[in-house]
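Note sheet for the following structure.
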Amino acid sequence: MAPVGSILWPSLRVYQIYGANTDVGKTILTTLLCRASRELCRSEQTSFLKPVSTGPEDEADTRCGHIAVHAPGVSTTTLLQYSEPISPHAAARGKNAPSDTALLSLIRANCSRAASAGPGWLFLETAGGVHSPSPSGTTQADLYSALRLPVVLVGDAKLGGISLTIAAFEALRLRGYDVESILMFENDVHENHVYLREYFGERFGGVPVVALAAPPERARDQRADEKRMMSYYAQASAGGTGVLKHLAARHAERIKRLQSMSTEAHKTIWYPFTQQTLLSPENITAIDSAKGNFFQTLVPHPPPASSPVPSTSAAAQDPVEAATAPLLQPSFDGSASWWTQGLGHGAPSLTLAAAYAAGRYGHVMFAEAVHEPALGLAEALLGGMHRAGNHRLTRVFYSDNGSTGVEVALKMALRAAGRRYGWDQGGNETDAGTDQPAAVVGLRGGYHGDTLGAMECGEPSAFNRKVDWYRGRGVWLDYPTVLCVEGRWLVQIPMSMAGERKQVIEFGTLGHVFDLAGRRHSKIVALYEEYVERTLRHHLAQGRKLGALLIEPVVIGAGGMLLADPLFQHVLVDVVRRSSHLFGTPSSQLSPGDWTGLPVIFDEVFTGLYRLGCFTSSALIDAQADISVHAKLLTGGLVPLCTTLASESIFDAFGSDDKTDALLHGHSYTAHPVGCQVAVESLRLLTGREKREERESWRIEGGWMQGVEDTPDKGENDGLPEDASAWSIWTLAFVRELSHQPSVAGVWALGSVLAIHLRAPDGAGYTSTAAVRLREELKRGPGGQGPERWNVHSRVLGNVLYLMGSQATTKEEVEEIAGLVKLALPGVWAFDQAAIYFDGYLPASKKGERLDRIYQSSNVSSNYFSSTISGIPSASKSHSSSQATLGTRNNARQLPIPAFIVPAILDALRSSDEYGHLIHLVPGEADSFCADDVKSKGGTVITSDSDLLLFASEYAEFVSQYLNSPGASLTMPKYLTFLDPRISEFIFGWTGNAAVDILPPDTLPTESAVLYLPPLLDRWDQASAWNPSTTIRQLAYSFCRRTQDTRSVVVEYRRTLSRASKGQAVELLEDEQMAEVLGELLGLCRKTVKKPTGPPQLQWAAMCLCQEVRHAADQGNDSLVLKLWRKASKSRGQLDPGNWDAMHLAGQIQGTLYSLRILHQVLRCQIGHLVTSASLGGQVAKLLKYLSTLPPIAGFPVAPDMRNLFGRLQQAGMLGSLADVAGLSGPLSFDERASKARGETRAGRQGQGQTTTRSTMNPFDVLGENEG
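Plus 591 on top of the position in the sequence shown (first one is 1) and you've got my numbering.
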């Protein structure tokens, strides 16, 4: 299930109607807006949507007829109707109430349908007041904020209404709603509108307050009341029109701004960690809003074509489709907004905490002062660290971000070390024998921030190498890393400590890697200790002065998302602490609790506060810091704040009577009350999720407990904090599956973090581009369109792509993201795709091969029919299987290949953002054009063409035919961007403009044009399923005729059991005949297509049925449609889809739809003189308008869809057209009881707000659903 996205379409103006309270006139004012929209935009649609309604069904807004009576022509829908007139959460008790996500999905799907129907308005009316609960209990203001709908707030005109209206406005604004207008009734006694107009006019950019005359008192007599209200609406509609004009302008302004943001940003903003020379506006993601774990991002336009052939992207070519496509899509925040987000975007509790502190304090200076948020946060942080086992920490210093917090930690540590070992505080050596500044012991690749002091702690790298002041003051150690490789957890020990070759230790589970109690006694500990001591002694012997140990516990983040062996980090801290004798002679006696060796700094800016699954990541290495830095998750991702925690012995190093000995560091916003209050609330929520049962749920359901109970020394771990264990929101099975992918070098998961290390031909590291392709694959999403479209926004670190969830991430979301990652990884190739070519014409010399293919397909189809002539049982009993299951219960014969595989694939590719600009249908065989492309640009041709299955002796002959390919010299006709291959072949055969068999200028072909039609799945004891649509193709062929043409027939090759078939000649129509056939076709379209009822695919199916009835009458034959209609009328509207009559009907519909597709494409080519002639041009234009709504091949019905075809036609009220064409006095009706039962079922579904999705067996649906 795709995540729910915000609602924004170019053509549909959707506004949410909130009320400041109940009984403020929402329905009346909404009706007024609906009525005004019908008067203002007569050619557009208007829809009214009520997600939840309570009270008797006959009193519901959409059922009592109020809107229908006073705003005729408005489409009304109620999704959930509860009979009791009470709050929705109470009315839904004991009933099957949908989840919040399900309800939002229903709303978005309803809006999507309205948008696809054309431009217009949709008004979504909420129930009760702003904070009225939804059926789940979530308040409406919180629930609907994810939809990001602009709001029309209905104010309260009664006594007390001023307060309620302002409170409602503020509640909405705090949750990110844009209140575009406030509507209310006039009240001459209270005059609330007068005050509110002045109040809102001076605030928030000026929100217009519109007061309309109050409606008349409700009359007891319904007819009299309707008459009064009709008069009221007629008089008040002018006010509604003014509001609508304002709303329409705001809608247009929002879209214009959103679509221009990336371009304007490219001109004005200097981005972090970005080479802007390589950045284009198309690469800048415009984020409209964020909620939960998802951004709402602007759907990108397709990239321009990089070749002379125009782009075939649907979005670029079809303005109607572009207008009805959503502008926004949900984008999973894969970097957790660069590692800060922990409780979900837009968390109301954090927003309210920020607002509370802003209202109470704003900002107050902090030197020698205190406020409750700062004190409360300090106590909460220290308490959490103490509970996690670190009792050293007693002091909290505030700063603004992680880099600054590390700077503060360095000042603390270096001062403490200098005091301990007698260094001069001015930075000059007194008795240590060197004038070098103190260095920091760290890990290779360690990254601690961008400010100069923090940068000095990292080894030379891409981050600092080109910074002029950077000198690099550190000693950086290698370290073992942990990866899951091909399902095995490996600790990889570098050669610097293992000897001549890298050493690898295998573990059964990640839990065993983190079982430090069990591993402390292994031989590897001595290896680690020896390496650390040897390295320290080496640098000290060179005169280096070491002042602190600074590491990121467990994970080296920006340095490459490397999971360090926790045992090594534990040993490193232990060796440093017990090696005071290496660093100098203490100048004073140590006290209990003092730091020893060197001050130990843990940079937990990224790894702390549950990012890796526990309060402090230090618990995972069973070591305690003297100084600990915390940021990012500290405020749940809402505002910047950092804290540096220190022990009392570190704090004492700054104590004296001299002020210059103090920690002279700070900034204007130190301990900002808003940040501190948000952090207090964030910690409250984060620690509330620390409970064992929640972690146990992730651990057990994710498989992370596997093998842990078998740990030999588990009992020795009893003294550790209970949450110091390894688990992840990403399941163990998923991690293992990724580790087996060919493109993956290794993977790890811990807490909310997943890191995928890709094989890197350009070498691992920050400058590698190995992970960029995977990032782009995730950005494209799973390929859904419309409301199903979503993607993943992620970041890469060289060859590593990482993803992070949050404490608000659900198991369903993790499963969805994991599925997309698995889909994307196979697409991570080691090369870029430059072009995809399709044959657009095959030379006459290949006619024999073409006929042989038709013969073979026909033979399979004929044999299949013969072996299943009594029907196909599996098709009649199953709804959910694909067409490939037809015949699985009768394996006597091979299943025929679906008829339209190639054009269906081409459809999907052309409409794909990823591949649309790469697709080239060419006037010849694709081989030569591929060869020409590679010849001019370089590269490799990849093909499944059997021509390339060569022996060495054949190679030279094969290559020779492509050495002088004609591709570069040809002008590509524009119509190649929309034609199907077999239709382009027909067009080129007609015009003689192909890359082979090229005619001299001004010369017309004289031979008959040819069209190869694929065999359909039909009855072989009846005429071909192509027959009913012959006149449509005949019309298409005739439109190709030009003034000087002498040809009179087109030869069609269809199903045949003879390799020597000469095809069937189809005569071209004369001009008068063409006009007659064209008129008849338009008549059928008027009867069936673009009706107000029924989905477009069903309308076209009805048109095809009418075509069959008319064709049978013209031929004097019995109509198969009428035969099956009568059969359906006796079986409650149902047919057996496994019956060959039903399958033959499906074949006829497919043949007719494809014939209409041929006609549509021929007309768009405009190669004949009658297409735009004065005599037929007007009718052609009308027909083109109809044909532009044809379903894609993925939407063609198949045999299982015949089961309830007639029932669906009756439900949609479309059988009348069929009866009219058949010359019947009225539509045949089905069994009355069955109709009643269906009506009750349908009403039940509507009453419960449930929608039904037709399960389809169309083999092309997989193409339509996955176009990326």
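Yeah, the Cβ is synthetic: ideal placement off N, Cα and C, and Gly gets one too.
Candidates G596, L1224, R1755, of which the one nearest T1568 by Cα:
That would be R1755, whose Cα lies nearest to the Cα of T1568.
Could you pull out every residue in the same chain whose Cβ sits closer than 7 Å to the Cβ of Q1215, ignoring the five residues on either side in sequence?
Counting only Cβ-Cβ distances below 7 Å, and skipping sequence neighbours, we find G980, N981, R983, S1209.
Status (buried if at least 16 other CB within 10 Å, exposed otherwise) for S1449
In this structure S1449 is buried. Its beta-carbon is surrounded by 16 or more other beta-carbon atoms within 10 angstroms.
When T1637, S1652, D1636 are compared against E1643, the one with the closest alpha-carbon
Cα-wise, what sits closest to E1643 is S1652.
Below 6 Å CB to CB, which residues in the same chain sit around N1481 once its five sequence neighbours on both sides are set aside?
Because N1481 carries a pLDDT of 40, less than 50, the predicted location of this residue cannot be relied on, and the following value inherits that uncertainty. So the list reads T1459, once near-sequence residues are dropped.
Nearest to L1173 by CA position, among G1150, T1207, R1128, P1183, is which residue?
Looking from the CA of L1173, the closest CA among G1150, T1207, R1128, P1183 belongs to R1128.
For V1116 and G1044, the rounded distance between their alpha carbons:
Their Cα atoms are separated by approximately 33 Å.
Per DSSP, the bridge partner or partners of Y1745
None, per the DSSP bridge assignment.
The alpha helix (DSSP H) spanning H679 covers which residue range?
First, the residue type needs correcting, since residue 679 is Pro and not His in the sequence shown. 679-682 is the span of the alpha helix (DSSP H), which, as asked, contains P679.
State yes or no: is the C-beta of V770 within less than 8 Å of the C-beta of S696?
Taking 8 Å as the Cβ cut-off, V770 and S696 do not qualify as a contacting pair.
For K836, which three-state DSSP category applies?
In the three-state scheme derived from DSSP, where H, G and I count as helix and E and B as strand, K836 is classed as helix.
Look at the Cβ atom of Q607, then the Cβ atom of A705, and state whether they are nearer than 8 Å.
The answer is no: Cβ separation not under 8 Å.
Three-way DSSP call (helix, strand, coil) for V1412 in this model:
DSSP places V1412 in helix when its eight states are reduced to three.
Going by DSSP in three states, F1579 sits in which element: helix, strand or coil?
Three-state DSSP puts F1579 in a helix.
Where does E716 sit, in a helix, a strand or coil, going by DSSP?
It is a strand residue.
Would a C-beta distance cut-off of 8 Å place Q1160 and I1142 closer than the cut-off?
Taking 8 Å as the Cβ cut-off, Q1160 and I1142 qualify as a contacting pair.
Of the choices D1571, S1710, R1632, R1701, whose alpha-carbon is the least far from that of D1662?
Check the Cα spacing between D1662 and each of D1571, S1710, R1632, R1701: the tightest is with R1632.
I'd like the span of the alpha helix (DSSP H) that includes W1691, first residue to last.
From DSSP, the alpha helix (DSSP H) with W1691 extends over 1687-1706.
Cβ pair V801, V834 closer than 8 Å
Taking 8 Å as the cut-off, the beta carbon of V801 is found closer than this to the beta carbon of V834.
In terms of DSSP beta bridges, what is C1233 paired with?
C1233 is bridged to S990.
Looking at the structure shown, is K1114 part of a helix, part of a strand, or coil, going by DSSP?
In the structure shown, K1114 sits in coil (DSSP, three-state: anything other than H, G, I, E or B).
Whole-angstrom C-beta distance between I598 and L740, which should lie under 8 Å
That belief holds up - the Cβ atoms of L740 and I598 are roughly 6 Å apart, short of 8 Å.
Counting only runs of 4+ residues fully inside the segment 1099-1154, write out the alpha helix (DSSP H) ranges in chain order.
Segments of the alpha helix (DSSP H) lying fully in the segment 1099-1154: 1101-1104, 1107-1110, 1115-1132.
F886 and D924 closer than 8 Å at C-beta:
Closer than 8 Å, so yes.
Measure the C-alpha to C-alpha separation of E1368 and V1700 and round it to an integer number of angstroms.
It is roughly 48 Å from the alpha-carbon of E1368 to the alpha-carbon of V1700.
Does DSSP put T669 in a helix, a strand or coil?
T669: strand per DSSP, three-state reduction.
Whole alpha helix (DSSP H) elements within the segment 1326-1361, 4-residue minimum
Counting whole runs of 4 or more residues, the segment 1326-1361 contains no alpha helix (DSSP H) stretch at all.
DSSP-derived helix/strand/coil call for K882:
Three-state DSSP puts K882 in a strand.
Is DSSP giving M1003 helix, strand or coil here?
Three-state DSSP puts M1003 in a helix.
Secondary structure of P1417, DSSP reduced to three states
Assignment of P1417 by DSSP, reduced to helix, strand and coil, places it in the helix class.
Going by DSSP, what residues sit across from P1067 in a beta bridge?
Per the sequence shown, the amino acid found at residue 1067 is Trp instead of Pro. Partner(s): G1033.
Pull up the DSSP beta-bridge partners for G711, would you.
DSSP lists L603, Q636 as partners of G711.
If you run the structure through DSSP and keep just helix, strand and coil, what is P917?
Residue state for P917 is assigned as coil, using DSSP reduced to three classes.
Quick one: what's got a C-beta closer than 6 Å to G1742's C-beta in the same chain, skipping five residues either side?
Counting only residues of its own chain and dropping the five nearest sequence neighbours on each side, G1742 has a CB closer than 6 Å to the CB of L1607, A1616, W1617, S1620.
Determine the DSSP secondary structure at E1313, reduced to helix, strand or coil.
Only weak support exists for where E1313 lies, its pLDDT of 43 falling under 50; the value from the coordinates is given anyway. If DSSP states are grouped into helix, strand and coil, E1313 belongs with coil.
Are there 16 or more other CB atoms within 10 angstroms of the CB of T1401, so buried, or fewer, so exposed?
Around the beta carbon of T1401, fewer than 16 other beta carbons sit within 10 angstroms, so the residue counts as exposed.
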